[in-house]
Every structure is written in C-alpha cells, then in structure tokens.
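Only one structure is covered here, and it is reproduced in the block below.
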Amino acid sequence: MSKYLVEISNLTIINQKSKEQTMLVKGIDLSIPKGKIVGIVGESGSGKSLTMKSLMGILPKGLEASYDRFEMDGKQVHNPKVLPLSMIFQDPMTSLNPLRTVGFHLREVLRRFQPKLTKEEREVAILEMLDKVGISNPELRLKQFPFEFSGGMRQRIMIAMALLTKPDMLIADEPTTALDVTIQAQILALLKELQEQLGLTVVIVSHDFSVIAGICDQVYVMRNGLVVEHAPVDTIFAQSLHPYTQSLLRAARLEASQGPVPADRDDSQLVQVVPEHWVRKEEKNG
C-alpha cells in the first residue's frame, strides 16, 4: 500500500482562453503523504490554489489540466470530482449564502454527501461537528445567519462543512486570510487538532511562511507555476537553498529584502540535493 494519499506527476494547467494558451502550472510533481500536514507556499499567482483545484476537478472555466499520472491511495484516478477531498476556500463570507442560516448550509452538505441519514441523525452529526470545531451554543447558532458570526467563527463553520463530507484529505486555501493574529493561531491550532483526532491528511495553501511554520510536516514552495523547493519543514527553515525560498523566509521574519530574485527558467530542473530535499536548479551545459 502506498504511503502517499495523493500522487500526481507532470501536472500542467493551461489557460485555453488566452490566444497563446498560457501555461499557469508547468509540469509539477506532488506527493502528499498520508496523515501529514503539507504546506504549499508562494506569492499570489504562483499556481498554488489552481493546483489544489485541479486535484478536485473544479478548475475555473477555460482552464485545462493534464498530467502523466494521478493516483489516490495507490489507485489511478479517472474522475477527480468524486474523490474524498474537501476544500476550505479563502473568504468564508463569500462562500456562505447571506440569505440562508448556518443550519441550512450544514444540513445541505449532509443531504448531498450522506443522503441515507435520517433527519434526526443529521441533526446529531451537525451538533457533534460544531462541538468539534469549537462553536458553543450550537442549537442557537444553527438558527443564525453568516453576518451574525465573526470572521473566525465563519471559518469554523466552513471547516465543519468540509468535515461533514467525511474527506480523506482536507485542503485549506489561505485559511487565515483577513483574520487577526490571535484568531489565526486559533484556526491553525484547530486544524492541527482535527488532523490528529481524525487521522486526516491536510494541505495548507498560503503566501505566508509564518502561517505554516509550526503546523506543517512538509513544504512545497511554488513560484510562476513551478515547484522551486520541497523538503521537510525543519529543513526548509534551517537549510533552505533556493533564493526565492530564502526571500520568503526573510519576509516572514520581517528582515530587509536583498532585492528581487530572478525567475527560474521553465527548462530548469528540480534536483534532489539530499534525501527528501529537492531544489530547482538551472541546467549547466558542458
């Protein structure tokens, strides 16, 4: 049995709407180990979120993904839309219908993903999940609307909705966006706690190294549609080798910038420098 929950090789995402058919993700490989938390870090537009959406088969219209191999738990994937993956999107306020109660949202998830449950069983499952994600007075909260919740509480609702689908892998896309530092820490601690309780595999997508520093086991660093470095989190923080990774770490530490980092050429190669540590390097002729 594979130690990886998800493996995909030579993933490419092309914008079919542009005249030149722009390549947004440029032949990357991902291996997400079971029961671990993996961070995907990079600036806006680097292809992080698109990569995750391609795994779920929910790319925006006009974008097309291709790959050489896509496996889940060692089995070839034919239709990504039916995989046991769930995603928490960046802004919970835009993901929740402001005209519907929180209870409606949660019940709708169960009606779709667990249709055999009775009404009573759905209510029990919802109340138990709200307790797991740290929402007090759940019976009252079910009757309230999204605008009656703080940003952090809305994010907890989104986590509850995602977990009610019973996923094997939870993808959190910028889960701390627009939250203050204290609430960010609470949400990240909650994700870690749930991952340990439920044995989940979790992927956290972020532009900020400080978000994934204390929670992730492994890190992929992306830039311009390429993976530029991949290693265990401790290796990334102590021995990062790619200039772009180093610049992101300096930014997270509020250190002075050392100037712009040149972009990697599309024909550069991801090279294994030591076991479990991969860095993108230019090919040298001769």
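In this text, residue positions in the sequence shown follow this note's numbering: the first is 7, and each later residue adds one. Think of the CB as a built atom: it goes at the ideal place given N, C-alpha and C, for glycine as much as any other residue. The model shown is predicted, which means the values in this text are computed figures rather than measured ones.
(message) Does the contact criterion of 3 or more C-beta pairs under 8 Å hold for the segment 26-41 versus the segment 232-241?
(response) Three or more Cβ pairs closer than 8 Å define a contact, and the segment 26-41 meets that threshold against the segment 232-241.
(request) Select from Leu-69, Val-83 and His-248 the residue whose C-alpha is nearest the C-alpha of Arg-75. (result) Val-83
(message) Does the structure place the segment 16-33 close enough to the segment 157-174 that three or more beta carbon pairs sit under 8 Å?
(response) Judged by Cβ distances under 8 Å, the segment 157-174 makes no contact with the segment 16-33, as fewer than three pairs qualify.
(request) Assuming Leu-185 and Gln-161 form a contact by the criterion Cβ under 8 Å, report the distance between their Cβ atoms to the nearest whole angstrom. (result) At roughly 7 Å, the Cβ-Cβ gap stays under 8 Å, so Leu-185 and Gln-161 are in contact.
(message) Quick check on DSSP: helix, strand or coil for Asp-273?
(response) coil
(message) Is the separation between the beta-carbon of Gly-41 and that of Thr-207 shorter than 9 Å?
(response) yes
(request) Can you give me the start and stop residues for the alpha helix (DSSP H) that Phe-119 sits inside? (result) 108-119
(request) Quick one: residues in its chain with C-beta nearer than 6 Å to the C-beta of Gly-63, no 5 flanking neighbours on either side, listed in chain order? (result) Pro-86 and Lys-87
(request) Classify Ile-193 as helix, strand or coil using the three-state DSSP reduction. (result) Assignment of Ile-193 by DSSP, reduced to helix, strand and coil, places it in the helix class.
(request) Using the Cα positions of Ile-189 and Arg-106, report the straight-line distance between them to the nearest angstrom. (result) 25 Å
(request) Could you pull out every unbroken beta strand (DSSP E) segment of at least 3 residues lying fully inside the segment 137-218, listed in chain order? (result) The segment 137-218 is shown to contain whole beta strand (DSSP E) runs of 3 or more residues at 175-179 and 207-212, in chain order.
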